[in-house]
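Shown next, in structure tokens, is the structure this report addresses.
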Amino acid sequence: MRDWNEGVGENEGEYTLTVSWSALRDAAAAYFERICGLSEDNPKAGIIRRGSYALLEEIAPSIDIRARIRALGRECVGSEFLEVSGIRFPCCMLREPELPAVTELYAVVITAGDIAVPDGSMTAALYGDLWGTAYVNAASDFVRDALEGGRGVCLREGAGPGWYDMSAALLPDFFRIVDGGKIGVAVTGNMMEPVKSVACFYLGFEREPRADVFERRCQYCLSESRGCDFCKLRLTPICNQGPKVKRF
Numbered sequence: 239m240r241d242w243n244e245g246v247g248e249n250e251g252e253y254t255l256t257v258s259w260s261a262l263r264d265a266a267a268a269y270f271e272r273i274c275g276l277s278e279d280n281p282k283a284g285i286i287r288r289g290s291y292a293l294l295e296e297i298a299p300s301i302d303i304r305a306r307i308r309a310l311g312r313e314c315v316g317s318e319f320l321e322v323s324g325i326r327f328p329c330c331m332l333r334e335p336e337l338p339a340v341t342e343l344y345a346v347v348i349t350a351g352d353i354a355v356p357d358g359s360m361t362a363a364l365y366g367d368l369w370g371t372a373y374v375n376a377a378s379d380f381v382r383d384a385l386e387g388g389r390g391v392c393l394r395e396g397a398g399p400g401w402y403d404m405s406a407a408l409l410p411d412f413f414r415i416v417d418g419g420k421i422g423v424a425v426t427g428n429m430m431e432p433v434k435s436v437a438c439f440y441l442g443f444e445r446e447p448r449a450d451v452f453e454r455r456c457q458y459c460l461s462e463s464r465g466c467d468f469c470k471l472r473l474t475p476i477c478n479q480g481p482k483v484k485r486f
């Protein structure tokens with residue numbers, strides 16, 4: 239189940255999207271199993287599944303998936319950067335000479351909420367953290383698909399503060415563009431709370447960009463995020479399944 243609500247705030251064109259944890263369970267589970275390497279030839283896969291899925295039922299009530307979205311104009315897209323309200327955000331993808339025309343631009347903050355993990359178990363803490371990452375990944379895909387809405391536009395994650403060539407120091411500026419506080423996400427320095435949150439720009443193209451466009455942008459990565467679960471430079475087999483947002 240999803241719910242769109244028009245935002246009330248200083249920034250025109252902001253909306254909130256909420257979706258239940260159960261609606262994203264299958265998508266999140268696919269990410270979780272890929273992160274954990276739960277392939278058929280993993281002898282411990284069954285044990286890990288039993289423990290981790292039991293934990294999911296415990297933490298599910300605290301999973302609160304929400305997104306704050308602001309639609310921006312095509313005029314914000316430059317040749318090497320995005321400029322919104324006088325603030326410039328580097329975007330190395332725009333340097334690609336064969337990049338299709340950008341027709342839409344969105345600034346998005348997504349959170350899985352402040353996930354409550356039972357105390358006293360390092361294993362539970364680990365699985366809880368991985369489930370949070372998996373749900374942020376699944377939510378990001380869901381938001382992208384919801385914005386595409388079958389309209390023929392091809393939406394892809396461009397960049398966000400702390401990954402690719404966009405400095406984490408720009409996170410407070412990003413929150414001046416889209417009010418993550420409306421969905422309970424706060425910025426402290428270069429960090430977001432809850433930690434299972436992500437801030438990024440979505441670029442809409444008139445057609446699907448070539449895969450190598452996404453691969454080359456890793457060359458510009460500043461590696462300022464707390465971690466990239468699908469780093470194209472180190473985990474090629476995972477990344478070949480498509481470009482993914484770097485997760486905080």
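Per the working numbering, the sequence shown runs over residues 239 to 486.
Where a beta carbon is used, it is the ideal one built from N, C-alpha and C, also for glycine.
If V425 and F413 are in contact, beta carbons under 8 angstroms, what's the gap, nearest whole angstrom? The residue labelled residue 425 in the question sits at position 187 within the sequence shown. The residue labelled residue 413 in the question sits at position 175 within the sequence shown. Going by Cβ atoms, the distance from V425 to F413 rounds to 5 angstroms, so yes, they are a contact pair.
Expected contact under 8 angstroms - CB spacing of Y373 and I421 to nearest Å: Numbered from 1 along the sequence shown, position 135 holds the residue referred to as residue 373. Numbered from 1 along the sequence shown, position 183 holds the residue referred to as residue 421. Not a contact, Cβ separation roughly 14 angstroms.
Between which two residues does the beta strand (DSSP E) holding C459 run? Position 221 of the sequence shown, counted from the first residue, corresponds to residue 459. Taken as a continuous stretch (DSSP letters only), C459 belongs to no beta strand (DSSP E), as it is neither H nor E.
Start and end of the alpha helix (DSSP H) containing C274? Along the sequence shown, read from residue 1 onward, the residue named residue 274 stands at position 36. Taken as a continuous stretch (DSSP letters only), the alpha helix (DSSP H) holding C274 covers R263 to C274.
Where does G396 sit, in a helix, a strand or coil, going by DSSP? Your numbering for residue 396 matches position 158 in the sequence shown. The three-state secondary structure of G396, taken from DSSP, is strand.
Per DSSP, S435 forms a beta bridge with which residues? The count along the sequence shown starts at 1 and reaches residue 435 at position 197. DSSP, once it has assigned bridges, lists T349 as partnering S435.
Could you please give the first and the last residue of the uninterrupted alpha helix (DSSP H) stretch that includes E295? Within the sequence shown, residue 295 is the residue found at index 57, counting from 1. Residues A283 to I297.
Which first and last residues belong to the beta strand (DSSP E) in which R308 is found? To locate residue 308, count along the sequence shown from 1; it is residue 70. Looking at the DSSP string, the run of the beta strand (DSSP E) that includes R308 is I303 to L310.
Whole-angstrom distance between G390 and R306, CA atom to CA atom: Position 68 of the sequence shown, counted from the first residue, corresponds to residue 306. Position 152 of the sequence shown, counted from the first residue, corresponds to residue 390. The straight-line gap from Cα to Cα measures roughly 23 angstroms.
Distance between R326 and P356 (C-alpha atoms, nearest Å): For the purposes of this step, residue 356 is taken as the residue at position 118 of the sequence shown. For the purposes of this step, residue 326 is taken as the residue at position 88 of the sequence shown. Between the alpha carbons of P356 and R326 lies a gap of roughly 42 angstroms.
Using 10 angstroms around the beta-carbon of M331, count the other beta-carbons present and answer buried if the total reaches 16, otherwise exposed. Within the sequence shown, the letter at position 93 stands for residue 331. When all chains shown are included, M331 counts as buried.
With respect to the alpha helix (DSSP H) encompassing E321, which residues constitute its N-terminal and C-terminal limits? As a first step, residue 321 is located in the sequence shown; it is residue number 83 there, counting from the start. DSSP places E321 in no alpha helix (DSSP H) but in the uninterrupted beta strand (DSSP E) bounded by F319 to V322.
Helix, strand or coil: how does DSSP classify P356 here? Translated into positions along the sequence shown, residue 356 becomes position 118. P356: coil per DSSP, three-state reduction.
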